[in-house]
Structure formats: structure tokens, C-alpha cells
Amino acid sequence: MKRTYIILCTILLCMQCFAQNDSNSTATTVLKKGFYKSYQEYLDNNPSIIADFTTKLYRANKKDTTIIAGSYDLTTPNKDIKKPWGFCDGENVFIRYWSLTGNDYWKFQLPGPHPYILFKQKTIIASGAPLVALTSAAITTAIPAGFDAMVITKSGKVKHVGKKVMRSILADQPALLAEFKKEVKVMSNSFRIKYLKMYSEAVAGKK
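Take the sequence shown: its letters are residues 23 to 229, numbered as in the numbering used here.
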């Protein structure tokens, strides 16, 4: 009887520890809603301007539900919000880059210090209500036709991902950088995204 009691206590203790660890892990990945003044605020998950707003989402085209951009509509006017570096709606992060009609904020397709956006200069399609439910922080796997993968660099700017830029990003992951140098041939979108994902996973400690 005593032995059974000890075993039950041990199991309960382990379950409690797991729940605490899982809770802490989830808490650290919850995105805070608000407006970023800088790249550092994004890295810190600490938008300095908090305001109530709704988000309008834009998809790649009529047939592709990939959300690639967004715009915000303030519930009440806020004079502090003037072309912010980016914003977060609590689920997705958007960065200001290259104005389009009605939109100039592009959605991060990857978490971490060097996310990428899917950029296209031509008009994009506003997302209808059913598509809003499809948005999440999940990594985009398919690349819509006609879009280019553009990365956010260490300076917080959006750049085309050439070999030099990719080597700079991978510099603090020697094993990954070495693998990239061996494999690199043509910098296609799929190749760029492959290494940006691997870098994000390495930084997050998933490897």
C-alpha cells in the first residue's frame, strides 16, 4: 500500500512539472498584439504601441488561400501610429515594405530572427471572411506562383535573398553554413526557404 502511494505521488509530481514546463513554453510563443516601432521590438515580442484594431488579410490570388499581406484599421484614432515598422494582430506579424494600393504590410511566413515574406509587386486579393480562419503562425510550405521570398536581415530591413545575404544569416550556425556552401547552386525560392526554415529551427533549439 505504501509503495503504491509513493508511485502515485511520483506520477502526479511528474505530471505537474510537465504541465508547468508546457505552460511556460506556450507563454513564450504567444504573440503580443500591437505596433512595432523597430525590428528589436519584434525580436523582443514587445510592441511599444498598444491599440485596438482589426486586420484585413490579403491572399496570393483567387485560388490560393495563402495569406501574404495585411492592413490594419484602428478602432479609434491614435496619433502615435504613423507608419510603424510592423504590427501584430496576436496571430500574425506584418512588416511595412513597398506600398500597394490599400496595403503596404507583408506577412511573416516564418517565426524567428530572420523570417521571410512572399513579395509580389502586382495587385493581391483581399481575403474573404472564410479565409480568416485559415490564418495561423504555421510555416508556409507552398510558394504561390509569381512571388519572391524576401528575408528580414539583421538590420531589420527586407532584402532579396542572394548567396551573400544567406551566408550572413547562417554565419552563427557553422554546421548549417557549411552545408549551404556545399549544396548551393541556384538560389531558387524553394532553396532559400529551405535554409531559412532550417535556420529558424536551429535557433529555436529544435535540432
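Even for Gly, the Cβ is constructed at its ideal location relative to N, Cα and C.
- Taking each of I139, V208, P106 in turn and checking the Cα distance to S60, the smallest one comes out for P106.
- Contact check for F57 against I103 passes: the beta carbons are separated by less than 8 Å.
- Its chain contains K185 as the residues whose beta carbon lies nearer than 7 Å to that of V206, once the 5 sequence neighbours on both sides are disregarded; these appear in chain order.
- Nearest to N68 by C-alpha distance, out of S190, D111, A226, H136, is D111.
- Per DSSP, the beta bridge partners of G92 are L79, Y127.
- Cα atoms of N100 and P196: separation of roughly 45 Å, rounded to the nearest angstrom.
- In this structure, the beta-carbon distance from H136 to I191 falls below 8 Å.
- The beta carbon of K181 lies closer than 7 Å to those of M172, V173, T175, V187 in the same chain, with the five residues before and after it left out.
- The criterion of a C-beta distance shorter than 8 Å is not satisfied by Y119 and F109.
- Nearest in C-alpha terms to V208, of all of G227, A224, V183, is V183.
- For a cut-off of 8 Å, the C-beta gap from G92 to K129 is around 6 Å, short enough to register as a contact.
- For L218, same chain residues with a beta-carbon under 7 Å away, outside a window of 5 residues either side, are L132, H136, Y138, V173 in chain order.
- If you look at V187, you'll find it in the alpha helix (DSSP H) that goes 185-192.
- For F116, the pairing in a beta bridge is given by DSSP as F109, K129.
- At a Cβ-Cβ threshold of 8 Å, L140 and P166 count as neighbours.
- Contact between T97 and F116 does not hold, since the beta-carbon distance rounds to 17 Å and is not under 8 Å.
- Contact annotation, L53 with E113: C-beta distance approximately 7 Å; criterion of less than 8 Å satisfied.
- Within its own chain, no residue has a Cβ closer than 7 Å to the Cβ of F213 once the five positions on either side in sequence are excluded.
- Boundaries for I71: no beta strand (DSSP E) harbours it, and the DSSP string shows neither H nor E there.
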